[in-house]
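These protein sequences, in sequence, are chains L and Y. For the first sequence, numbering that gives the first Met the number 0 gives the first residue as 0, with consecutive numbering after it. For the second sequence, numbering that gives the first Met the number 0 gives the first residue as 0, with consecutive numbering after it.
2 protein chains.
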Amino acid sequence: MSASEPGTAATRERILDAAEALFAEHGLAGTAVRDIARDVGLTAASLYNHFAGKQELYEAVLARGVQPLIEMMQRIDGQDRTSDARAALIEDIMKHLGGRPHLPRLIHHEVISGGSYLAKLGRTWLRPLIATGIAEMKREEEPNWSEEEFPLVITAWLNLVFGHFAMAPILSVVFDTDPLAPESIERQTRFLQKLARMMALSDPGPG
Amino acid sequence: MSASEPGTAATRERILDAAEALFAEHGLAGTAVRDIARDVGLTAASLYNHFAGKQELYEAVLARGVQPLIEMMQRIDGQDRTSDARAALIEDIMKHLGGRPHLPRLIHHEVISGGSYLAKLGRTWLRPLIATGIAEMKREEEPNWSEEEFPLVITAWLNLVFGHFAMAPILSVVFDTDPLAPESIERQTRFLQKLARMMALSDPGPG
DNA sequence: TCACCAGATGAACGCTTGTTCGTTTACCAC
DNA sequence: GTGGTAAACGAACAAGCGTTCATCTGGTGA
């Protein structure tokens, strides 16, 4: 419909959108190609004009979702060091995931299931992401953490950020509020920023 | 085989074991009843002598896995307050999950997918678990956290502990070590205990 | 020895799955 | 108009799914 889009590219994107939502909720095995097609307003057969198969569609969804996170994390590399660069990074990532709440659940599904795409996901996405984080820690002074602990710290942050979104379905059952609502995300962002200050500056105490 | 077991009860337990492993890896939809049966050394039809159906088997697996966690968390309630009670709790939970590494992935699958059992899981398991954690924080002095932040702190701990096991498949790709190996679990345990000291005692700094 | 019964079995069921195929439609260059 | 091409379609396929059922088996108590 849009004159700027070739039409077929727009359809492809709409397929990716619907597939992302369904794959995130039900996983690869739990999602039927027919259901994706119905959400787009197509027939299952039509999807095969845009993707070679279910597996290829799944990997395309993952690749599209993960790409911005890689770029976002790499952007911190050559950046000028301001005192609250980390707070800004946390806010950026939380804002981005807030706009694409399916993404963390999608990645969690793939990670937990150990799918065929997992090795590539580890190499192209998580490894550089963690490497960037560790490099960032090395650049700054870290009074509380030894260098062997850096990977544990970065991994912990990964779990904290992604966990908020991945756990959202059950957390909205336990609490009354929806963790994906803007005010919840903002509250979580401020909480994580406070935690970051603690981990960077505090006195770990005896022991 | 064992004289102490009625035989049928032992078979039931073996079915639960095999189902737990497969459900944790592939989720509910991704696991075939025939595959569970094959791992036990039975035919699919035989499973129906022990469980009414796939859904009932799945819920039985979840209930059996979650029960020890509830009891473990409740044990802290009436306990005498020693200074390092929290460190001991962290160690207990990490040790328990280390012995049952399927459990976190199993729960993650159910949580992410928002399955039919999720509401019950939230009510019977997560809600009391979080309530116990919040009550524990209220009992002690928390110089760094306001009472509205208590739920965020407890949820963060949930993500830190469970995330370590749930993310294990991809972390073993990124790093060389296996996160489920005893030494990795012990390292993570010490890291979390250190983090707990920080969060309980440190100076959050300005801002 | 016999009847009994829980539990294992192979065969079959109805249904859904991913995918393919031949055809039709809609659009664009000439 | 006419030809060509990309994309949507209904129908169909084989394979796999959860589940049922009649039958067989092996052990237990009378």
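In this text, a Cβ means the ideal position worked out from N, Cα and C, and glycines have one as well. For clarity, every value in this text was computed on a predicted model and none was experimentally measured.
query                                                                                                                                                       : result
Would you decide whether M0/Y is buried or exposed? Buried here means 16 or more other CB atoms lie within 10 Å of its CB.                                  : Low per-residue confidence applies at M0/Y: pLDDT is 38, beneath 50, and the placement is therefore not dependable, though the value from the model is reported in the following sentence. Label assigned to M0/Y: exposed.
Helix or strand or just coil, what does DSSP make of Y47/L?                                                                                                 : coil
Please list the partners that S115/L has in chain Y, where partner means a Cβ-to-Cβ separation under 9 Å.                                                   : What S115/L touches in chain Y: nothing, since even the nearest Cβ is about 12 Å away.
How do the region 52–69 of chain L and the region 4–18 of chain L stand: do at least 3 beta-carbon pairs fall below 8 Å, yes or no?                         : yes
Determine, using beta carbons only, whether L159/Y comes closer than 9 Å to chain L.                                                                        : yes
By Cβ distance below 6 Å, which residues in the same chain neighbour A84/L in space, the five residues on each side in sequence not counted?                : none
Using a Cβ-Cβ cutoff of less than 8 Å, which residues in the same chain neighbour I75/Y once the five nearest sequence positions on both sides are dropped? : A84, L88, T131 and E135
Which residues of the region 165–179 of chain Y have a Cβ closer than 7 Å to any Cβ of chain L? Give them in chain order.                                   : A165, M166, P168, I169, L170, V172, V173 and F174
Near L120/Y, which residues of its chain fall below 8 Å by C-beta distance, leaving aside the five closest residues on each side in sequence?               : L61, V65, I106, E109 and V110
Under 8 Å, with one C-beta from each stretch per pair, do the region 158–172 of chain Y and the region 92–107 of chain Y reach the 3-pair mark?             : yes
For T30/L, does the count of other Cβ atoms within 10 angstroms reach 16, so buried, or fall short, so exposed?                                             : buried
How would you call E178/Y, buried or exposed, if buried means at least 16 neighbouring beta carbons within 10 angstroms?                                    : Looking at the sequence provided, one finds Pro at residue 178/Y rather than Glu. With 16 or more other Cβ atoms within 10 Å, it is buried.
Could you tell me whether the region 170–177 of chain L touches the region 90–102 of chain L, using the rule of 3 or more Cβ pairs below 8 Å?               : no
Exposed or buried, T42/L, counting other C-beta atoms within 10 Å across all chains shown (16 or more means buried)?                                        : exposed
Can you grab the Cα-Cα spacing for the pair S112/Y / A23/Y, in whole Å?                                                                                     : 13 Å
Which whole-angstrom value describes the C-beta separation of I153/L and I129/L, a residue pair presumed to lie in contact below a C-beta threshold of 8 Å? : 5 Å
What does a CB cutoff of less than 6 Å around T176/Y pick up in its chain, not counting 5 residues either side in sequence?                                 : S183
Using a Cβ-Cβ cut-off of 9 Å, state whether Q73/Y counts as contacting chain L.                                                                             : no
Is it buried or exposed, I122/L, if we count other Cβ atoms within 10 angstroms and call 16 or more buried?                                                 : A small fix is needed here, since residue 122/L is Arg in this sequence, not Ile. With fewer than 16 Cβ atoms within 10 Å of its Cβ, R122/L is classed as exposed.
CA-CA distance, A155/Y and Q187/L?                                                                                                                          : 10 Å
By Cβ distance below 8 Å, which residues in the same chain neighbour S3/L in space, the five residues on each side in sequence not counted?                 : Below a pLDDT of 50, predicted positions are generally treated as unreliable, and S3/L, at 34, falls in that range; the measurement from the model is reported next regardless. For S3/L, where only same-chain residues beyond five positions count, there are no Cβ hits under 8 Å.
Measure the CB-CB distance between L151/L and L191/L and report whether it falls below 9 Å.                                                                 : no
Ordered along the chain, which non-local residues of its own chain (more than five positions away) have a Cβ less than 8 Å from that of L21/L?              : T30, D34, I35 and D38
Under the three-state reduction of DSSP, which class applies to G29/L: helix, strand or coil?                                                               : coil
At least one CB of chain Y closer than 9 Å to the CB of A20/L: is that the case?                                                                            : no
If we count the other Cβ atoms within 10 Å of its Cβ and call it buried at 16 or more, is R138/L buried or exposed?                                         : exposed
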